[in-house]
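Going by our numbering, the sequence shown opens with residue 702, and the numbers climb by one from there.
The beta-carbon is built from N, C-alpha and C at its ideal position, and this holds for glycine as well.
Read through the structure below, which is laid out as structure tokens, and then see the notes.
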Amino acid sequence: MKCSDRQYEAQDLATCAPEELGSILAAVLGAQRCTVHAPVDDENLPCAPVAAFGEIHPSSDGAIVEYTVARDRMFSVLSLNGEAVAFVQVSGPRRRPHFTDLDLQLLRIMSGFIATTVTTNRRLTQGAASIQPS
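In structure tokens:
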């Protein structure tokens, strides 16, 4: 089967859970693992959008960032309107021994879509929770 023969199932991204978003992003990036972490409480994550080779570890008093030269892991902090809404961790490139600058650029581009999706999903969830049956 050629890549051009693949058909992707159309999905309503606004209703995707972070796990589903991670699977979609892993397929797009050609990664073995991709995790989207959307904290529900106010963790102190940086507010500027960032994408780099390495890992990010949130903690109660900030975030610890580990940069790597090996390029076997990437991360992105997803922000929308100056507010950090989630972060993504990607590891294990499938097609090559390491991720490239183009992979990192693709992660930056996809981060905007993922941030919007996470925010929309939160609003839908909060809206559904606020509707009380009469």
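In this structure, residue 773 lies near residue 799, with their beta-carbon atoms less than 8 Å apart. If you check the CB distance, residue 736 and residue 754 do not come in under 8 Å. Residue 717 has no beta-bridge partner at all, per DSSP. Collapsing the DSSP output to three states places residue 771 in coil. Bridge partners of residue 736 according to DSSP: 790. Between the alpha carbons of residue 781 and residue 790 lies a distance of about 18 Å. Taking the Cα positions, residue 750 is about 23 Å away from residue 825. Here residue 722 is not near residue 817, since their CB atoms are 8 Å or more apart.
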